[in-house]
Amino acid sequence: MIEVSQKCIGCGKCVPVCPFAAIQMMEKKAVINEACTLCGACVQICPVEAINIVREESVLKDFSNYKGVWVFVELSEPEDKASAHRAAPAGKPQAEAVIEGARKIKPVTFELLSAGRKLADELGQELCAVVLTDKNRAYEKELGALDADKMYLVENPEFFEYNTDIFSTAITALVNRHKPAVMLYPATIQGRDLAPRVAAALYVGLTADCTGLAIKDGLLLQSRPAFGGNIMADILSPNSRPQMATVRPNVMKISDPVYGKTAVLLREEIKIDKTLRRVKVLERKITREPGALKISDAKIVVSGGRGMKTKEKFKTLEELARLLGGMVGASRAAVDLGFKEKTRQVGQSGTTVSPSIYLAFGISGAVQHIVGMKSSDVIVAINKDPGASIFNVATYGIVGDAHEILPKLIEALKRKG
Ligand code: FAD
Ligand code: SF4
Ligand code: SF4
């Protein structure tokens, strides 16, 4: 709340400093309207301390009944009929093969479970997976192998594909019922759509696109790039539960699965009103070749930056990638120069990759690029500048001209057969 006291002498100094035009002079007294955001700029300028902002004391709430780390399980969407037809394994009835092929647990879920396990252990609480699906396909086994203690399952024909209204309603109901301390979502198209809806419905905070998670003083420490990726911000949500975060795919390492371990299956009933569905998917079009690899799934990525100089020279990377059985990636500078399409951009505003080998040709190693590839197992950097930042994260560094090294590497691989 903001108020102007009797001390106001009507000097008018506060009027121009308000960035929201919330102050007017009326009868030689400052009057503040509802456009005020309580930014405090006018308080500083007033020569007679006539403006007071009274902030509500944040009341320390008791969250001791909120327990457990929850992970939203993302399933693949039903594919279009054409690609599903091609995907049907030999000997399987077509209809069954289509359904089975359509609803697999996406790998990002396993990344979240691996990170969630560490958080749960640190808190001394359970790790739970949440599955909303039209049909359970023994998901508890796969989730148990990644060390989930429990699987909350809501089975309903309405979950045959992702829908914002239906899924957010169900998750909100589950959270209200069981009160988890932490809830993690993948920072995928689905997770980025779902998590804010749930956060708004529960009136809790949400940290988007986290690249690091830890526990600090019993709270979830959520780290994410801020100010264009130039700093890392550590965020805590002490005043609301659950503490919610989305996590970028390919950032967290997947732990080794322990096959044979099964998560305890807990079936949940949630009434789903069909009329909630405001959007109907009439057709799905896959813009890439069905079955074609995405750069986020590639085991070897050969990336190039501005140092590749021209589109023609950049194309040499294709040959190396082909010989290695990998895919070509690019820095944003290379994409902006038209060397490669945007879908291959690696980094903060592109895709996060985590291949076994990442080769970087003529890439300086700006922080926005590094966040998108630093969890690769082996990083090989080729740069003519020995001071390039990319060498700080590289496993192996070659100081030299990419245009000399690249043909030699290709030649050597060809000789090897
Ligand atoms: P440069 O920084 O120009 O580096 C070129 C490098 O090539 C230099 O190190 C140079 O020494 C080397 N070189 C030159 N000639 C040769 C040669 N003959 N042989 C070997 N080496 C050579 N960037 C991303 O990549 N991905 C992102 O997702 C991304 N998102 C961003 C989001 C925001 C909000 C912002 C502000 C920036 C983002 N950027 C991103 C841009 C990023 O800051 C850098 O500008 C970009 O990564 C630089 O690309 P580069 O390394 O190819 O080019
Ligand atoms: Fe304007 Fe900020 Fe003062 Fe509110 S607190 S009246 S927004 S300057
Ligand atoms: Fe009144 Fe202070 Fe504003 Fe001057 S600056 S008009 S004294 S509130």
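All residue numbers for the sequence shown refer to the numbering used here, where the first residue is 2 and numbers rise by one. Each residue gets a CB set at the ideal place from its N, CA and C atoms; glycine is no exception.
Whole-angstrom C-beta distance between residue j and residue i, which should lie under 8 Å
i      : j      : result
Val134 : Pro187 : Before going on, a small fix: residue 134 reads as Thr here, not Val. With 8 Å as the limit, Thr134 and Pro187 do not qualify as a contact, their Cβ atoms being about 16 Å apart.
Phe435 : Cys37  : Here the chain comprises residues numbered 2 to 418, so residue 435 is not present and cannot be evaluated.
Leu76  : Leu154 : That pair is no contact at about 12 Å.
Cys15  : Ile46  : 6 Å
Gly308 : Asn384 : 7 Å
Val372 : Gly348 : 7 Å
Ser115 : Ser332 : Not confirmed; about 28 Å, so no contact.
Where the beta strand (DSSP E) containing residue i begins and where it ends
i      : result
Asp235 : 232–236
Tyr186 : 183–187
Gly213 : 213–217
Leu222 : 220–227
Cys19  : Segment: none, Cys19 is in no beta strand (DSSP E) and carries neither H nor E.
Gln349 : No beta strand (DSSP E) holds Gln349; DSSP gives it neither H nor E.
Lys30  : 30–33
Ala299 : Neither: Ala299 is in no beta strand (DSSP E) and is coded neither H nor E.
Phe362 : 358–362
Ala5   : Before going further, note that residue 5 is Val rather than Ala in the sequence given. Run containing Val5: 3–5, per the beta strand (DSSP E) assignment.
Gly398 : 397–400
Ile380 : 379–384
Glu156 : 151–156
Ala130 : 128–134
Ala246 : 244–248
Val70  : 70–73
Ile271 : Unbroken run through Ile271: none, as it is neither H nor E.
Identity of the residue in the options nearest residue i by Cα
i      : options                        : result
Asp166 : Ala202, Leu128, Leu222         : Ala202
Leu144 : Ile190, Asp218, Pro258, Thr170 : Pro258
Pro239 : Met328, Ser65, Thr311          : Ser65
Glu156 : Ala149, Thr173, Leu147, Arg138 : Arg138
Glu162 : Ala361, Val354, Lys281, Val32  : Lys281
Gly419 : Arg198, Glu141, Cys19, Arg249  : This structure cannot speak to residue 419, because the chain is shown only from 2 to 418.
Leu39  : Tyr67, Ile3, Val18             : Ile3
Gly125 : Lys136, Val70, Glu112          : Val70
Met27  : Val18, Gly11, Cys19            : Gly11
Pro48  : Ser6, Lys310, Ile172           : Ser6
Val381 : Val400, Val372, Gly388         : Val400
Leu360 : Phe160, Asp150, Val302, Leu195 : Val302
Glu313 : Ala335, Ser355, Arg198, Tyr260 : Ala335
Ile236 : Leu207, Tyr260, Lys254         : Leu207
Ala264 : Arg416, Gln223, Asp148         : Asp148
Lys217 : Ile24, Val176, Asp63, Leu120   : Leu120
Any non-hydrogen atom of ligand 2 closer than 7 Å to residue i Cβ
i      : result
Thr38  : yes
Phe21  : yes
Ala51  : no
Val16  : no
Tyr13  : Here residue 13 is Gly; the residue named in the question, Tyr, does not match the sequence. False, no ligand heavy atom lies under 7 Å from that Cβ.
Ile24  : yes
Cys43  : yes
Ile33  : yes
Ile399 : no
Start-to-end residues for the alpha helix (DSSP H) that takes in residue i
i      : result
Leu114 : 108–124
Ile392 : It is worth fixing the name first, because residue 392 is Phe in this sequence and not Ile. Where Phe392 is concerned, the enclosing alpha helix (DSSP H) stretches over 391–394.
Cys43  : 42–46
Thr173 : 165–179
His371 : Sequence check: residue 371 is Ile here, not His. Segment 368–371, the alpha helix (DSSP H) holding Ile371.
Glu1   : Nothing can be reported for residue 1: it is not among the residues displayed for the chain, which extend from 2 to 418.
Gly13  : Where Gly13 is concerned, there is no enclosing alpha helix (DSSP H), given that its DSSP letter is neither H nor E.
Thr317 : 317–325
Arg333 : 333–337
Leu267 : From DSSP, Leu267 is part of no alpha helix (DSSP H) but of the beta strand (DSSP E) over 265–268.
Ile190 : 190–203
Glu78  : From DSSP, Glu78 is part of no alpha helix (DSSP H); its letter is neither H nor E.
Distance cut-off 7 Å: residue i Cβ against heavy atoms of ligand 3
i      : result
Ile10  : yes
Ile167 : no
Val55  : no
Cys129 : no
Residue i CB to nearest heavy atom of ligand 1 below 7 Å
i      : result
Asp218 : no
Asp386 : yes
Asp210 : no
Ala403 : yes
Ala234 : no
Arg307 : yes
Ala367 : yes
Gly373 : yes
Ser377 : no
Val347 : yes
Residue-level contact to chain D via CB, residue i, 8 Å cutoff
i      : result
Arg249 : Considering every chain present, this structure includes no chain D. It has just one protein chain.
Segment contact flag, the region 225–233 with the region 365–377, C-beta cutoff 8 Å, min 3 pairs: Yes: at least three Cβ pairs fall under 8 Å.
Three or more C-beta pairs below 8 Å linking the region 204–212 and the region 263–274: Too few Cβ pairs lie closer than 8 Å, so no.
Validate contact between the region 279–288 and the region 233–243 using beta carbons, cut 8 Å, 3 pairs: no
Three-pair Cβ contact test at 8 Å for the region 106–114 versus the region 164–184: no
Three-pair Cβ contact test at 8 Å for the region 379–394 versus the region 333–343: By the Cβ rule, the region 379–394 does not count as touching the region 333–343, because fewer than three pairs are nearer than 8 Å.
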